[in-house]
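This report concerns only the one structure given below.
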Amino acid sequence: MRLVDRARIGTGPRWLGPGGRHQPVLAADRLRVRARRQYLLDGVWQLSVQPRFIVVRHHERLRRASLRADLPLPGWTGLRRPDGQRDAQRLGRVLARFWCPGVGEGPGAWIRSPAVAIAQAKAFRAEFPVFERVSYLNAGTEGPVPAAAVQAARERIELEASHGRSGKAFFEGLLEMAQAVRAAYARLLRSGAEQVALTGSTTDGVNTVLAGLDLRPGDEILTTDEEHPGLLAPLGQARRRQGIRVRVAPFERVADEVSSDTRLVACSHVSWVSGRVVDTAALKRSGASVLLDAAQAIGAIPVDVDELGCDFYAASGQKWLCGPEGSGCLFIREERLDECSIPWPSYGSLADPQRPLEVEPAAGAARFDHGFPSGLRSAWVLASLEVLGAPGWDWVHARAAGLALSLANRLRERGAVEVLPRGASTLVSWRLPDRRDPAQEVERLAAAGFVLRSIPSHGGLIRASVGAWSSEEELEALVETASRT
Numbered sequence: 008m009r010l011v012d013r014a015r016i017g018t019g020p021r022w023l024g025p026g027g028r029h030q031p032v033l034a035a036d037r038l039r040v041r042a043r044r045q046y047l048l049d050g051v052w053q054l055s056v057q058p059r060f061i062v063v064r065h066h067e068r069l070r071r072a073s074l075r076a077d078l079p080l081p082g083w084t085g086l087r088r089p090d091g092q093r094d095a096q097r098l099g100r101v102l103a104r105f106w107c108p109g110v111g112e113g114p115g116a117w118i119r120s121p122a123v124a125i126a127q128a129k130a131f132r133a134e135f136p137v138f139e140r141v142s143y144l145n146a147g148t149e150g151p152v153p154a155a156a157v158q159a160a161r162e163r164i165e166l167e168a169s170h171g172r173s174g175k176a177f178f179e180g181l182l183e184m185a186q187a188v189r190a191a192y193a194r195l196l197r198s199g200a201e202q203v204a205l206t207g208s209t210t211d212g213v214n215t216v217l218a219g220l221d222l223r224p225g226d227e228i229l230t231t232d233e234e235h236p237g238l239l240a241p242l243g244q245a246r247r248r249q250g251i252r253v254r255v256a257p258f259e260r261v262a263d264e265v266s267s268d269t270r271l272v273a274c275s276h277v278s279w280v281s282g283r284v285v286d287t288a289a290l291k292r293s294g295a296s297v298l299l300d301a302a303q304a305i306g307a308i309p310v311d312v313d314e315l316g317c318d319f320y321a322a323s324g325q326k327w328l329c330g331p332e333g334s335g336c337l338f339i340r341e342e343r344l345d346e347c348s349i350p351w352p353s354y355g356s357l358a359d360p361q362r363p364l365e366v367e368p369a370a371g372a373a374r375f376d377h378g379f380p381s382g383l384r385s386a387w388v389l390a391s392l393e394v395l396g397a398p399g400w401d402w403v404h405a406r407a408a409g410l411a412l413s414l415a416n417r418l419r420e421r422g423a424v425e426v427l428p429r430g431a432s433t434l435v436s437w438r439l440p441d442r443r444d445p446a447q448e449v450e451r452l453a454a455a456g457f458v459l460r461s462i463p464s465h466g467g468l469i470r471a472s473v474g475a476w477s478s479e480e481e482l483e484a485l486v487e488t489a490s491r492t
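And the structure:
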């Protein structure tokens, strides 16, 4: 293991690997990471850090982690140059005072030092320009847009405008970007990329499943009383056209309502109304086929489709993943792929586009992709996921859930509003006294600088969507303002 002077490398930041090897980081990382010089002074290697670039021992090697904040780190100066595994371990122990390695897959990890944790939270929030203007608490509708995504989208448009949209290299590039998006979604779902289709929304995924299954008159689909119109409308269409039966159960007891007549359970993973999380373990035990609406789950809470046991998982990209409208994905369990027909065949659906009338399906879930991939959409999605994943998804999920729980508890303590029962999610919903108009309250809060949404159904609700980008200070201010009803 050796530390090297970045200025002498000349090719951007490097991972410092074991055995004297140094490995280049991805080009995308070089756009984000800024490492200041590591230099030799009086025979002792010093690290000058912003600290946007530090290295930590992680799974028997040093890994780099971006903090993006100016913060002095005691313990760096005077650290001698490590020349072997033993010294690498020593360096790891020094850095463990600030980082707890081994949590999550990304460069980020749980942070022990409160000062560093605060700096990381502020740096993460600074990635989203909207917070310079308002307290944005509506990612459950549309997520905040990272500055990096704005830049990526701008560069993509400029590239297509200046170089045109034609030629083999251009189209191969589009397909490569789409595959990168597919792989990124698959990592979030903890699934194989071959089980992920690219769609335009959660509803697109729901429609794909319902149109692809061989639903027949009398088949029962079980849903719940806390579903979004984006799920209910496709069910209503299937009932009208195919003669299926739709039965509605209480959200918290949907697994108990599964019967021998149930062909499919179609419900939300996280309720858009209350923020409650469906009992996926009970659904798995029921043995029913399950389609989960993941609009309020993916990017907001940890997801493992194998652990969930669902057959289909339909998600949006514009909410908690901060992507553009028209982005999303659909997970289809491998053993269900051939059971579903392709409802809207296209160029990408074909194994051999030269024989389109044969309609031989492409391998994996890609056969269900919606339309031809967009370079602009892919660039935006990848840039947003890069920003969200930089501190580590474990940190993103844990911080968001903790802040949402804190907001719910503080609102309950004040007693001025009725907070709905919720689960370990990022949504907090409440009712006003005397069931007053929630839309007017949302307008009042907007005038005070808080962007939320109202839900006219279920007795009239105000809903806050709390993310890892939210701050303790703005949530405390929201509690103060909301309590003055």
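For what it's worth, my numbering labels the leading residue of the sequence shown as 8, then goes sequentially.
Note that CB positions come from ideal geometry on N, CA and C, so glycine has one too.
Computed from a prediction, not measured in an experiment: that's the story for all the values here.
Selection Val137, Ser142, Ala126, Tyr320 evaluated against Phe457 yields Ser142 as nearest (Cα-Cα). Within the stretch 241 to 324, complete beta strand (DSSP E) segments of at least 3 residues are found at 252 to 256, 269 to 275, 297 to 300, 319 to 323, given in chain order. Restricting attention to Leu452, Val280, Gly474, the CA atom closest to the CA of Ile462 is found in Val280.
Rounded to whole angstroms, the gap between the alpha carbons of Ser385 and Asn416 is 38 Å. Taken through DSSP and simplified to helix, strand or coil, Trp400 comes out as helix. For Leu485, same chain residues with a beta-carbon under 6 Å away, outside a window of 5 residues either side, are Phe457 in chain order. Taking the CA atoms as reference points, Ala159 sits about 50 Å from Ser267. Residues of the same chain with a CB within less than 6 Å of the CB of Val366, apart from the 5 flanking positions on each side, are Pro352 in chain order. Taking the CA atoms as reference points, Val272 sits about 37 Å from Arg132. For Phe457, DSSP records a beta bridge to Ser142.
Bounds of the alpha helix (DSSP H) holding Arg161 are 154 to 170. Glu134 sits buried, since 16 or more C-beta atoms from the chains shown fall within 10 Å of its C-beta. Beta-carbon to beta-carbon, Val388 and Leu414 are separated by about 28 Å, too far to satisfy the 8 Å threshold.
Rounded to the nearest angstrom, the Cβ distance from Arg362 to Pro368 is 12 Å, too far for a contact under 8 Å. Within the DSSP bridge table, the entry for Ala471 names Val435 as partners. Across the set Ser198, Leu468, Thr148, the C-alpha of Thr148 shows the shortest separation from the C-alpha of Ala302.
In the three-state reduction of the DSSP assignment, Leu220 falls in the coil class. Contact annotation: Leu299 and Cys274 have beta-carbon atoms nearer than 8 Å. Across the set Leu196, Tyr320, Pro350, Thr488, the C-alpha of Thr488 shows the shortest separation from the C-alpha of Ala454. Secondary structure note for Gly335: its beta strand (DSSP E) is the uninterrupted segment 335 to 339. Taken through DSSP and simplified to helix, strand or coil, Ile349 comes out as coil. Annotation for Thr492: no beta strand (DSSP E) segment contains it, and DSSP assigns it neither H nor E.
In the three-state reduction of the DSSP assignment, Glu332 falls in the coil class, being assigned neither a helical nor a strand state.
In this structure, Asp286 keeps its C-beta atom at 8 Å or more from the C-beta atom of Pro257. Tyr320 is the residue among Ala154, Tyr320, Val310 whose C-alpha sits nearest the C-alpha of Leu217. Here the C-alpha atom of Ala168 lies approximately 14 Å from the C-alpha atom of Ser381.
Looking at the DSSP output, Ala204 bridges to Leu337. Residue pairing of Glu425 in beta bridges, as defined by DSSP: Arg438.
Restricting attention to Val426, Ala423, Val424, Thr433, the CA atom closest to the CA of Val403 is found in Thr433.
About 5 Å separates the beta carbon of Leu242 from that of Val253, a gap short enough to meet the 8 Å contact definition. The beta-carbon distance between Leu337 and Thr206, rounded to whole angstroms, is 5 Å. This is short enough to meet the 8 Å contact definition. Across the set Glu139, Ser472, Thr269, the C-alpha of Ser472 shows the shortest separation from the C-alpha of Arg429.
Apart from the 5 residues on each side of it in sequence, Arg189 sits with its Cβ closer than 7 Å to the Cβ of Ala200, Val203, Leu205 in its chain, given in chain order. In this structure, DSSP gives Glu342 a helical state, which the three-state scheme calls helix. Residues Gln325, Lys326, Trp327, Leu328, Cys329 of the same chain have their beta carbon placed closer than 7 Å to that of Gly150, with the five preceding and five following residues left out of the count. Under a 10 Å Cβ-count criterion, Ala358 is classified as exposed, with fewer than 16 other Cβ atoms of the shown protein chains found around its own Cβ.
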